[in-house]
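Take full-length UniProt numbering: the final residue in the sequence shown is number 144, and no numbers are missing along the way.
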Amino acid sequence: MSDHTILLIEDNPDDAELTRIAFAEAAIDGQLVVVGDGAEALDYLFAQGTYAQRDAADLPSIVLLDLNLPKLDGREVLQALRANPATRGLPVVVLTTSTEPFDVEASYALGVNSYIRKPVDFKQFVEVVKQIGLYWLVLNHPRG
């Protein structure tokens with residue numbers, strides 16, 4: 001797969017490392033950028049705070065978003081992304097352990113592109129990551 005930037009918004013270091021390993025095992029090329037909370041995610045995406053030197057126009061190919069985050073939760077991050085014209089069309093996939101109907105409905109109401117429950121089994125998790133990479137980074141034709 002071609003080179004992409006993937007933004008993972010995940011506060012659990014173990015889950016972040018599992019995701020990094022899963023991307024490697026799935027042979028998905030690209031830079032995995034990990035931020036640990038919702039506020040840091042918005043700083044990264046809008047090139048502010050500690051990320052002020054980053055080019056705000058250089059957006060990731062996809063955002064993998066956990067819902068339960070410190071500072072700003074995933075729903076607040078999603079709301080901010082969809083409210084800003086520069087990030088409104090950015091592909092966002094919720095990748096979470098929650099299967100609560102409220103979380104699913106709220107995420108779609110806020111404009112998430114896909115909602116995926118993280119499998120507990122590592123082998124299944126790698127397969128899910130592989131499918132995410134195949135669809136969003138190879139098959140999907142992003143907005144220009």
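Using N, Cα and C, we set each Cβ at its ideal position, and we do this for glycine too. In this text the structure is predicted, and so the values were computed from the model without any measurement.
| Asked | Found |
| --- | --- |
| On the DSSP bridge assignment, give the partners of Y115 in chain order. | V94 |
| Hey, could you find the ends of the beta strand (DSSP E) I132 is sitting in? | That residue, I132, is in no beta strand (DSSP E); its alpha helix (DSSP H) goes 122-133. |
| Tell me whether the beta-carbon of G49 lies closer than 9 Å to the beta-carbon of E40. | yes |
| Can you name the start and end residues of the beta strand (DSSP E) that L64 belongs to? | 62-65 |
| Distance, Cα to Cα, S114 vs K71? | 23 Å |
| Nearest-angstrom Cα distance between F125 and A83? | 31 Å |
| Relative to the alpha-carbon of A16, which residue among Y135, L137, D66, A56 has its alpha-carbon at the smallest distance? | D66 |
| Which one of P13, L45, A26 has the shortest CA to CA distance from L7? | L45 |
| Could you compute how far the alpha carbon of M1 sits from the alpha carbon of L134? | At M1, the pLDDT of 41 sits below 50, so the modelled position is not reliable and the matter cannot be decided from this model. |
| Flag this pair as yes or no: are the beta carbons of S107 and R75 separated by less than 9 Å? | yes |
| Using 8 Å for Cβ pairs, my map puts V92 next to V63. What's the rounded Cβ distance? | 5 Å |
| Give me whichever residues DSSP pairs with I9 in a beta bridge. | V35, L65 |
| Can you tell me whether F102 is helix, strand or coil according to DSSP? | helix |
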